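Residue numbering for the sequence shown follows this note's numbering, beginning at 1137 and increasing consecutively.
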Amino acid sequence: MTEQKMLKTPSGDIPCHLLDMDGVLVRGMTPIVGSAEYVQLLVDSSVPFMVFSNNSRFTPEVMADRLNSLGFAVDSSKVYTSALTTAEFINLQKPNATCFPIGEEGLKQALNDQDLQYDDVSPDYVVVGEAIDYSFQELTKGAQLVASGARFVGTNPDTSIPSESGAIPACGAACALIEATTGVAPYFIGKPNPFMMRAALAKLGKGPSHTIMVGDRIDTDIIAGMELGLQTVLVLTGASTESSLGKYPYRPDLVVPSLYHLSVHMGFNEDC
Ligand SMILES: [Mg+2]
């Protein structure tokens, strides 16, 4: 196991948390043992936190409802998806831009909330998000618009999502189809792009030295946190294993088997 460090702010407090969702809090629709209790400790200790997901299918309200139904004390203001950060990115780049979205309600509402208007004729951006049932007609339209000069953005680079029946093509795979058709590569905004973490830090109102990133993937969560200057925690309840640590030139500050072990490390059990 990697060297274990105490994770505190410069003033010795428990830091704010950026919590990855899949593989840290839940696996699909199943809560990971001890994770709801950990979120409750954050709430009871008034530690600011944000729950992250690269999944752009759902609105924060739907995600929060789903988490609530699984026992997590999380409201929609604490849920941050790649759809939200993509819409914020486009609005920063070009306020009032027009977009042709390929995705579901999570993406469409996020674009709408940033006053980015729908355009299927001559949009500024083609924006691809997650969808459970991509329309080949929409992907064709998106490719033709990119070929005509629309900027090409994807919410997240994940090429597949695990499911009970096997891997499902994800946003990165849909973007690959458009890239193969046009020769134009997408720009992805979700993890591991540190833009998503920086946007969340801005919402928390805290700097990197006061915040930790807790994730289950070395090649997305840990690299993004590390590049942004956050202390990072790898939990072994999801994608990455301890044996895979040696493959990467960077490593987390702390590795724990689960959030329960992190709660002991943080000293919550002494404070609460
Ligand atoms: Mg994850």
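Beta carbons: idealized from backbone N, C-alpha and C, even for Gly. As the structure is a computational prediction, the values presented were derived from the model and not from experiment.
Is residue 1158 helix, strand or coil when you go by DSSP? Shown here, residue 1158 sits in a strand according to DSSP, grouped into three states.
What are the boundary residues of the alpha helix (DSSP H) that includes residue 1314? Looking at the DSSP string, the run of the alpha helix (DSSP H) that includes residue 1314 is 1307 to 1318.
According to DSSP, residue 1198 sits in a beta bridge with which residue or residues? Residue 1198 pairs with nothing; no bridge assigned.
Is the CB-CB distance between residue 1368 and residue 1350 below 9 Å? Yes, these two residues count as a Cβ contact at 9 Å.
With distances taken from each beta carbon to the nearest heavy atom of ligand 1, which residues come in below 7 Å, in chain order? Those residues, listed in chain order, are 1156, 1157, 1158, 1159, 1160, 1351, 1352, 1353, 1357, 1374, 1375.
Inter-residue spacing [alpha-carbon to alpha-carbon] between residue 1147 and residue 1187: Roughly 24 Å separates the two Cα atoms.
Quick test of your reading: residue 1145 and residue 1345, contact by CB under 8 Å. State the CB separation rounded to the nearest angstrom. Yes, they are in contact, since the Cβ atoms of residue 1145 and residue 1345 sit about 7 Å apart, within 8 Å.
Indicate whether residue 1364 and residue 1330 have their beta-carbon atoms separated by less than 9 Å. In contact: residue 1364 and residue 1330 (Cβ atoms closer than 9 Å).
Bridge partners - residue 1296, DSSP secondary structure assignment: Bridge partners of residue 1296: 1305.
The region 1242 to 1249 in contact with the region 1310 to 1328 per 3-pair CB rule at 8 Å: Taking 8 Å as the limit for Cβ pairs, the verdict is that the region 1310 to 1328 does not touch the region 1242 to 1249.
Determine the extent of the beta strand (DSSP E) in which residue 1175 is found, giving its start and end residues. Where residue 1175 is concerned, there is no enclosing beta strand (DSSP E), although the alpha helix (DSSP H) it sits in stretches over 1171 to 1180.
Using only CA atoms, which one of 1183, 1184, 1216, 1397 lies nearest to residue 1198? Minimum Cα distance to residue 1198 is reached at 1216.
Of all the options 1294, 1232, 1169, which has the alpha carbon lying nearest to the alpha carbon of residue 1206? Selected option, being the one with the closest Cα: 1169.
Which two residues bound the contiguous alpha helix (DSSP H) that contains residue 1395? Taken as a continuous stretch (DSSP letters only), the alpha helix (DSSP H) holding residue 1395 covers 1395 to 1402.
For residue 1282, report the span of its beta strand (DSSP E) as first-last. Boundaries for residue 1282: no beta strand (DSSP E) harbours it, while the alpha helix (DSSP H) harbouring it runs 1272 to 1283, taken from the DSSP string.
Cβ separation of residue 1295 and residue 1308, assumed to be a contact under 8 Å, to the nearest whole Å: About 4 Å separates the Cβ atoms of residue 1295 and residue 1308, confirming a contact at the 8 Å cut-off.
Here's the rule I'm using: 16 or more other beta-carbon atoms within 10 Å means buried, otherwise exposed. How should residue 1156 be labelled? Residue environment analysis places residue 1156 among the buried positions, since at least 16 neighbouring C-beta atoms fall within 10 angstroms of its C-beta.
Please state whether DSSP places residue 1103 in a helix, a strand or coil. With the chain covering only 1137 through 1408, there is no way to say anything about residue 1103.
What does the alpha-carbon distance come out to for the pair residue 1218 and residue 1403? Spanning the alpha carbons of residue 1218 and residue 1403 requires a straight line of approximately 31 Å.
Residue 1300 to residue 1225 span [Cα, whole Å]: When only Cα atoms are considered, residue 1300 and residue 1225 end up about 33 Å apart.
Give me the Cα-Cα distance between residue 1238 and residue 1312, rounded to the nearest whole angstrom. One C-alpha to the other measures close to 13 Å.
Minimum C-alpha distance to residue 1174 - residue among 1166, 1209, 1266: It is 1209.
From what residue to what residue does the alpha helix (DSSP H) around residue 1332 run? Under the DSSP assignment, residue 1332 falls in the alpha helix (DSSP H) whose first and last residues are 1330 to 1340.
Can you check which of these residues, 1390, 1386, 1242, is closest to residue 1189 by C-alpha distance? Considering only alpha carbons, the answer is 1242.
Where DSSP assigns a beta bridge to residue 1287, which residues make up the other side? 1261, per the DSSP bridge assignment.
With DSSP collapsed to three states, give me the class of residue 1390. Strand, per DSSP.
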